[in-house]
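Visitor: Counting the sequence shown from 1 gives a position; our numbering is that position plus 72. Backbone N, C-alpha and C define an ideal beta-carbon position, used for all residues, glycine too. Remember, predicted model here, so these are calculated numbers, not experimental data. I have a structure here, written as structure tokens, and I will follow up with some questions on it.
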Amino acid sequence: MLLYLRPIKNSEMLIINVKENESIDRALKRFKKKFEKTGVLRELRSRTHFKKPSVARREEVIKARYIQQIRDEENK
73 MLLYLRPIKN
83 SEMLIINVKE
93 NESIDRALKR
103 FKKKFEKTGV
113 LRELRSRTHF
123 KKPSVARREE
133 VIKARYIQQI
143 RDEENK
């Protein structure tokens with residue numbers, strides 16, 4: 073399966089400077105955290121299948137209701 077992605081705006085290469093006497097595991101952990109914040113993988117997975125705009129809006133509304141319900145329960 074071929075997958076074509078549009079270039080991401082402000083795409084830059086992730087650079088992690090490994091400090092002296094820093095373990096590779098620690099640097100890898102910092103890299104993973106930075107990579108997760110960019111949201112590239114999340115966007116890639118969402119673009120594998122087309123989602124109709126009406127379905128996307130419906131999911132957003134359901135998610136908003138759920139979050140509001142949780143916040144209401146916290147305030148009680």
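1. What is the residue span of the alpha helix (DSSP H) that L100 lies within?
2. Out of curiosity, what's the CA-to-CA distance linking R119 and R143?
3. Check whether the Cβ atoms of I88 and R102 lie closer than 8 angstroms to each other.
4. Helix, strand or coil for K135, going by three-state DSSP, please let me know.
5. Would you kindly work out how many angstroms separate the C-alpha atoms of P125 and E131, rounded to a whole number?
Guide: Working from what's here:
1. Start at 1 with the first residue of the sequence shown, and residue 100 comes out as number 28. Run containing L100: I96 to T110, per the alpha helix (DSSP H) assignment.
2. For the purposes of this step, residue 119 is taken as the residue at position 47 of the sequence shown. For the purposes of this step, residue 143 is taken as the residue at position 71 of the sequence shown. Taken atom to atom, the span from the alpha-carbon of R119 to that of R143 is near 30 angstroms.
3. In the sequence shown, the residue the question calls residue 88 occupies position 16. In the sequence shown, the residue the question calls residue 102 occupies position 30. In contact: I88 and R102 (Cβ atoms closer than 8 angstroms).
4. By 1-based counting over the sequence shown, the position of residue 135 is 63. Helix at K135.
5. Within the sequence shown, numbered from 1, the residue matching residue 125 stands at position 53. Within the sequence shown, numbered from 1, the residue matching residue 131 stands at position 59. If you take the alpha carbons of P125 and E131, they lie about 10 angstroms apart.
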